[in-house]
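Oh and the sequence shown: position 206 is 229 in this note's numbering, straight run, nothing missing. We put the beta carbon where it would ideally sit given N, CA and C, even for glycine. Take a look at the structure set out below.
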Amino acid sequence: MKKNECINVTKTFLPPIRKYQKYIKKIWESNQLTNQGPILKQLESNLKKYLEVKYLHFVTNGTVALQLSLKALDIEDGEIITTPFSYVATTSSILWERCEPIFVDIEKNGFSIDPDKIEKAITKKTKAILAVHVFGFPCDIEKIAKIAKKYDLKVIYDSAHAFGSLYKGRPLPMYGDISICSFHSTKLFHTIEGGCVISKSKKVSEKLKLMKRFGHTGDIHYSLGINAKASEFQAAMGLCNLEYVDKIIKARKRICCLYDKFLNNIFTKPKARKGLSYNYAYYPIVFKSEKELRNVFKSLKKENIYPRRYFYPSLNTLPYLRKEQNCPVSESVSKRIACLPLYPGIKTEIVKKISAIIKSSL
Numbered sequence: 024m025k026k027n028e029c030i031n032v033t034k035t036f037l038p039p040i041r042k043y044q045k046y047i048k049k050i051w052e053s054n055q056l057t058n059q060g061p062i063l064k065q066l067e068s069n070l071k072k073y074l075e076v077k078y079l080h081f082v083t084n085g086t087v088a089l090q091l092s093l094k095a096l097d098i099e100d101g102e103i104i105t106t107p108f109s110y111v112a113t114t115s116s117i118l119w120e121r122c123e124p125i126f127v128d129i130e131k132n133g134f135s136i137d138p139d140k141i142e143k144a145i146t147k148k149t150k151a152i153l154a155v156h157v158f159g160f161p162c163d164i165e166k167i168a169k170i171a172k173k174y175d176l177k178v179i180y181d182s183a184h185a186f187g188s189l190y191k192g193r194p195l196p197m198y199g200d201i202s203i204c205s206f207h208s209t210k211l212f213h214t215i216e217g218g219c220v221i222s223k224s225k226k227v228s229e230k231l232k233l234m235k236r237f238g239h240t241g242d243i244h245y246s247l248g249i250n251a252k253a254s255e256f257q258a259a260m261g262l263c264n265l266e267y268v269d270k271i272i273k274a275r276k277r278i279c280c281l282y283d284k285f286l287n288n289i290f291t292k293p294k295a296r297k298g299l300s301y302n303y304a305y306y307p308i309v310f311k312s313e314k315e316l317r318n319v320f321k322s323l324k325k326e327n328i329y330p331r332r333y334f335y336p337s338l339n340t341l342p343y344l345r346k347e348q349n350c351p352v353s354e355s356v357s358k359r360i361a362c363l364p365l366y367p368g369i370k371t372e373i374v375k376k377i378s379a380i381i382k383s384s385l
């Protein structure tokens, strides 16, 4: 480790610059920077193949993808059952669309929404279930689908962490009525900023196609819409990076195995559901107490090492919510969980050093 080198929780993967420059040259030649350009259309096509889906729309970011999903499913009011253990965008998207988030606590072992607690939260106002494949580990898809069918609810999956994960041999983002991905620069596959909306329905897909472009085609206006159009530059980065996804996952797996080795499995980690082929998006560990976590963070900071508290705070405790909802498992885990630095290129000696500092700080 170099003197004054800063080790963050992640480091953006960048492809060889010559590959990106080839696409930049094409952008200069076409002089089309946005508005569903040829490079973006190529990326959408390649993503459909990779994720084994028929209908996919590349958009500006994952948060907008969530908002579009709610609109496309005609969910404009009422209650949405969701998880308190996620990044804030999951909840803020619900609130932004004037719906009410109803938090259902998480599983003790997997940290995704607990399907055995969903039914009790359903009311006449419930419109959908918005669940998150936390850290790239799948929710209990079968149980959620059964509940949704019983009560005629839509299922939206926030698959922001799930790109590259397979469940029962199929890409995890293909499940649900709608699934969204985030392609932010911190993700293992990124387009600088960006995301996508995946739909099983052609009708919903056609609505998304209009909504992301202000709701009109040419001079004919069909529906309410917003500007969710991504640029050719974002799409170009995506085309470059898609070539490296398998190598990136392999490299991340190697680092996770090193952490397992050096930390001797002394921490609680999410339990993988049977049938998962993991993408190694994160390396989360759960401490015994928040005090223990803070002590470790303090020791690591002295060495310019910065893990991240994913996810804190528990979203049911956000100060701008209209009513108090208790989720004891999520509230407890969120105070004690951290994700350790993980990215291709991080050296074995750094992983070993991080592990040693953690163990000596306990």
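Where does the unbroken beta strand (DSSP E) through residue i begin, and where does it stop?
| i | result |
| --- | --- |
| A258 | Note, A258: premise wrong, no beta strand (DSSP E); alpha helix (DSSP H) at E255 to L265. |
| T149 | T149 to V155 |
| Y180 | K177 to D181 |
| V32 | Counting along the chain, V32 falls outside any beta strand (DSSP E), and DSSP gives it neither H nor E. |
| S246 | No beta strand (DSSP E) holds S246; DSSP gives it neither H nor E. |
| P307 | P307 to V309 |
| S222 | G218 to S222 |
| S322 | That residue, S322, is in no beta strand (DSSP E); its alpha helix (DSSP H) goes E313 to K325. |
Just to check my reading of the structure: residue i and residue j have Cβ atoms closer than 8 angstroms, yes? What is that Cβ distance to the nearest angstrom?
| i | j | result |
| --- | --- | --- |
| L63 | F81 | 6 angstroms |
| C263 | K48 | Their Cβ separation, rounded to whole angstroms, is 13 angstroms, which puts C263 and K48 out of contact at 8 angstroms. |
| N302 | S188 | 4 angstroms |
| T214 | L153 | That pair is no contact at about 23 angstroms. |
| L286 | I381 | 7 angstroms |
| L66 | A258 | 4 angstroms |
| T33 | G101 | The Cβ separation is near 36 angstroms, so there is no contact. |
| G218 | F206 | 5 angstroms |
| I170 | I141 | 5 angstroms |
| V374 | Y305 | Not confirmed; about 14 angstroms, so no contact. |
Can you check which of these residues, the options, is closest to residue i by C-alpha distance?
| i | options | result |
| --- | --- | --- |
| G298 | L286, A253, D163 and I377 | D163 |
| L74 | H156, K172, A259 and P196 | P196 |
| G133 | L365, V309, L341 and K358 | V309 |
| D200 | K210, A185 and K225 | K225 |
| P307 | A112, P124, I289 and A168 | I289 |
| L70 | G261, K324 and F334 | G261 |
| T146 | K173, L96, K210 and P161 | K173 |
| R359 | L365, Y333, I377 and K375 | Y333 |
| L89 | S202, A144 and D175 | S202 |
| P161 | K324, R296 and E372 | R296 |
| K26 | E372, R331 and N327 | N327 |
| V220 | I369, K94, P38 and E372 | K94 |
| I278 | P293, K294 and G368 | G368 |
| L323 | K346, L231, P364 and Y305 | P364 |
| Y267 | E216, K210, I249 and Y305 | K210 |
| E99 | Y198, R121 and K72 | R121 |
| V76 | Y198, L341, S355 and D175 | Y198 |
Quick one: give me the first and last residue of the alpha helix (DSSP H) that residue i is part of.
| i | result |
| --- | --- |
| S378 | T371 to S384 |
| I12 | Here the chain comprises residues numbered 24 to 385, so residue 12 is not present and cannot be evaluated. |
| Y78 | Note, Y78: premise wrong, no alpha helix (DSSP H); beta strand (DSSP E) at Y78 to V82. |
| P456 | Only positions 24 to 385 of the chain appear in this structure, which leaves residue 456 out of reach. |
| F126 | Counting along the chain, F126 falls outside any alpha helix (DSSP H), though it belongs to the beta strand (DSSP E) covering E123 to F126. |
| G85 | G85 to A95 |
| I278 | V268 to L286 |
| V227 | K225 to M234 |
| V111 | From DSSP, V111 is part of no alpha helix (DSSP H); its letter is neither H nor E. |
| I50 | I40 to S53 |
| S205 | Careful: S205 lies outside any alpha helix (DSSP H), inside the beta strand (DSSP E) at I201 to S205. |
| I167 | I164 to Y174 |
| Y366 | Per DSSP, Y366 belongs to no alpha helix (DSSP H) and is neither H nor E. |
| P61 | P61 to L74 |
Taking only beta-carbon atoms, is residue i less than 7 angstroms away from chain E?
| i | result |
| --- | --- |
| G248 | The chain labelled as chain E is not found in the depicted structure, where only one protein chain is given. |
What do you get for residue i, buried or exposed, if any count of 16 or more other CB atoms within 10 angstroms of its CB means buried?
| i | result |
| --- | --- |
| P194 | buried |
| C280 | exposed |
| Q44 | exposed |
| D242 | exposed |
| I40 | exposed |
| R275 | buried |
| D128 | buried |
| S357 | buried |
Might you give, ordered along the chain, the residues of its own chain that have their beta carbon closer than 6 angstroms to the beta carbon of residue i, omitting 5 neighbours on each side?
| i | result |
| --- | --- |
| F186 | C204 and F212 |
| P107 | F126, S337, L338, N339, C350 and S353 |
| S246 | L233 and G238 |
| L385 | none |
| I117 | I103 and P124 |
| N31 | Y329 |
| C29 | N327 |
| S228 | Y78 and S222 |
For residue i, which residues in the same chain have their Cβ closer than 7 angstroms to its Cβ, ignoring the five residues on either side in sequence?
| i | result |
| --- | --- |
| A251 | V82, T83, V87, L91 and K235 |
| K166 | P138 |
| N318 | S384 |
| L56 | I50, S254 and E255 |
| S109 | V155, V157, D181, F334 and L338 |
| L316 | F310, R359 and A361 |
Closer than 6 angstroms to a non-hydrogen atom of the ligand ZN - does that hold for the CB of residue i?
| i | result |
| --- | --- |
| I125 | Although the ligand ZN was asked about, the structure shown includes no ligands whatsoever. |
Ignore the nearest five residues each way along the sequence and tell me which others in residue i's own chain have a CB closer than 8 angstroms to its CB.
| i | result |
| --- | --- |
| Q59 | R236 and K252 |
| S115 | T86 |
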